[in-house]
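Chains A, B and C, in that order, are what the protein sequence lines are.
Numbering follows numbering that gives the first Met the number 0, with no gaps: position 154 of the first sequence is 153.
Numbering follows numbering that gives the first Met the number 0, with no gaps: position 151 of the second sequence is 150.
Numbering follows numbering that gives the first Met the number 0, with no gaps: position 164 of the third sequence is 163.
Notes follow once the structure below has been shown.
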Amino acid sequence: MSMQTPAGLAPKAGHDTGDLQDRIAALEAAVEELQERVPDARRVTILVFSGKQDKVLAALLIGTTAAAMGMDVTLFFTFWGINVLKERRAYAGKDLRERMIDFVTPTGATHMGVSQLNLLGAGSRMLQRMMKDKHIVSAQTLLQQAREAGVRLVACSMTMEVMGIRREELVSGIEVAGAASYLVEASRSGCTLFV
Amino acid sequence: MSMQTPAGLAPKAGHDTGDLQDRIAALEAAVEELQERVPDARRVTILVFSGKQDKVLAALLIGTTAAAMGMDVTLFFTFWGINVLKERRAYAGKDLRERMIDFVTPTGATHMGVSQLNLLGAGSRMLQRMMKDKHIVSAQTLLQQAREAGVRLVACSMTMEVMGIRREELVSGIEVAGAASYLVEASRSGCTLFV
Amino acid sequence: MSMQTPAGLAPKAGHDTGDLQDRIAALEAAVEELQERVPDARRVTILVFSGKQDKVLAALLIGTTAAAMGMDVTLFFTFWGINVLKERRAYAGKDLRERMIDFVTPTGATHMGVSQLNLLGAGSRMLQRMMKDKHIVSAQTLLQQAREAGVRLVACSMTMEVMGIRREELVSGIEVAGAASYLVEASRSGCTLFV
């Protein structure tokens, strides 16, 4: 208690004001602690692990819809998901295994398979045609729309190192960061998805 | 400060009460802001993307368990996940591609494959038999139990449009809503899963 | 209002202090309600459903990174994910179907396939070799590191029952708990992932 009212004048009020001060200080500490440790419902962080067309599409649709609703959205591309961010291949300086990984993984958002219903690639083509008929945009277009809508697109630095992907192979406007950076963002987000 | 104590009477207390008022007003603003932006630990929102038996089963088991614990649970079925909600096929008025999608996708919770261990369908049958032996209920039964337990079951409107699924093909008691509706619910939920 | 200042002395201040008390009491109730119902941004709960090497690896990498950042991390292994926790097989007392499940599911973190890029097992070997080259540790090592870093590793009791897995088949330091236990932890966690 930092303050004392003059004795006799308003003792009860004085006592109460001190009491109130204690309760306010306790509330301030509790609110500050809450502000530090609660996630924000207006933040969405999606870990895009899969490189399958349908899953990446779902992640991008959720991301762009959330951004359109005014939410802060981060898409963190890791493992196979990082392939969607590749624009071109760079072979110079890559060792044989990195080139092999290059050869068997897709480049960009147009050559991905689907996770289900993949009858010799028919699922992928069917999905694309039906989406076109219904005027649903492709993963490639959604990636650009997401960027324009202010969605943070982050490529996992460890995945890039393991798969031998160079920064210049990625489409423009992509951040590169590690798992710790993902966790900082995810821990502040109300909605966290692993796709 | 909205209030002034009579000068001379209790100037110090007056000053302090005004001070307290400011701190209380700041706390009220901070608490209101927190109430608006924090997710609720008692809410669970699951995005059921997969149509695989084992994954749908996991989503339904988590959903019904959470509902039994008094939590508010929403299952949002999208992409392949929507097939679990299909009760019957309606061919009338569908174009060829929609009928093809119909032909290759399962109807209802009994004809789904599993995501792993699928030795020519043996995985699916083995899982069902073992679950039966251990008295674990099937996806179909769980879907009904979830509905009865008050779990909100929502079908993604965009998926229905893309796949050419009619409302009358879905089991009863299913809401139809879009991605924005999912995000409103997910942003209020402490636990958000993509299955 | 529980308190009254002596009339005439400082009526206005008295009125205000009572007012303040009401507002503080309302704040205290609101803060207490928030403390009870908000998830904690410093808690991460991952449901490891998949038994695929790459997905388990991602879950373990996120978990150990979060633990290294001082977060409280729980990995709940269910369905196929539980296989990563198996150290040895116990056949005694198992029925034929349980032995069959045993035969077709992997034991431990060294014999898992990958979810994508699995060219007759080449994806799995390629991933392991590239990770070795880049000094990224294996799932088996990460499992041990996670345990040492204080990550809670929980095996789903229902999965163990359905698959006929005995407690003595699991690596040491694993808790066994049900879906309700998972939900209590997930509802307190800011970051919840289904892998």
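Glycine included, each C-beta is placed from N, C-alpha and C at the ideal position.
Looking only at C:V55, C:W79, C:S186, the smallest Cα-Cα distance to B:G69 is reached by C:S186. Rounded to the nearest whole angstrom, the C-alpha separation of B:A28 and B:L182 is 25 Å. Counted as a single uninterrupted DSSP element, the alpha helix (DSSP H) harbouring A:E160 occupies residues 156–162. DSSP lists B:L74, B:L192 as the beta-bridge partner residues of B:I45. Approximately 19 Å separates the beta-carbon atoms of C:T191 and C:I81; this is outside 8 Å, ruling out the contact. For C:A179, the closest alpha carbon among the candidates C:G163, C:V153, C:E168 is that of C:V153. By the beta-carbon neighbour count (other beta carbons within 10 angstroms, threshold 16), B:E167 is exposed. A contact is defined here as three or more CB-CB pairs under 8 Å, and the stretch 170–178 of chain A fails this definition with respect to the stretch 22–40 of chain A. DSSP places B:K54 in the helix class (H, G or I) of the three-state scheme. The three-state reading of DSSP puts C:V183 in helix, counting H, G and I together. In terms of Cβ geometry, B:V72 and B:V150 form a close pair [threshold 8 Å]. Contact between C:I23 and A:L19 is confirmed by a C-beta separation of about 6 Å, below the 8 Å threshold. If you check the CB distance, B:F75 and B:L56 do not come in under 8 Å. Of the residues B:T77, B:S114, B:A145, the one whose Cα lies closest to the Cα of B:M162 is B:T77.
The criterion of a C-beta distance shorter than 8 Å is not satisfied by C:S156 and C:V43. Checking the DSSP bridge columns, you'll see C:R22 has no partner listed. Counting along the chain, no beta strand (DSSP E) covers B:A138; the unbroken alpha helix (DSSP H) around it starts and ends at 138–147. For C:A65, the closest of C:A148, C:A138, C:E160, C:L142 by C-alpha to C-alpha distance is C:A148. B:L26 and A:I164 have their C-alpha atoms spaced approximately 49 Å apart. Contact of B:Q20 with chain C is assigned, a C-beta pair being separated by under 8 Å.
Contact annotation for B:L192 against chain C: L46, T191, L192, F193 [CB-CB distance below 8 Å, chain order].
When rounded, the separation of the alpha-carbon atoms in B:A67 and B:P38 is 20 Å. Cβ-Cβ separation between C:L169 and C:K85: approximately 6 Å, consistent with a contact (criterion under 8 Å). Taken through DSSP and simplified to helix, strand or coil, A:E167 comes out as helix. At a cut-off of 8 Å between C-beta atoms, C:T16 counts as an interface residue with respect to chain A. At a beta-carbon threshold of 7 Å, the residues of chain A lying near C:M68 are A179, L182, ordered along the chain. Around the Cβ of B:D21, a 10 Å sphere holds fewer than 16 other Cβ atoms; the residue is exposed. Using beta-carbon distances, B:I23 counts as an interface residue toward chain A, with a partner under 8 Å. Ranked by Cα distance from A:S114, the options B:T140, B:W79, B:A145 are led by B:W79. Not a single C-beta of chain B is nearer than 8 Å to the C-beta of A:Q139. Listed in chain order, the non-local C-beta contacts of C:T63 below 7 Å within the same chain comprise L141, Q144, A145, A148, V150, local neighbours out to five positions each way being set aside. As the crow flies, the alpha-carbon of A:S49 is around 25 Å from that of B:A138. Neighbours of A:T64 in chain B, taken as residues at a C-beta separation under 9 Å, are given in chain order as G177, A178, A179, Y181, L182. Where A:E174 is concerned, the enclosing beta strand (DSSP E) starts and stops at 174–176. Cβ neighbours of A:R41 within its own chain (closer than 8 Å, five residues either side excluded): G69, M70, D71, G189. Put simply, the backbone Cα of C:T16 is about 7 Å away from that of B:T16.
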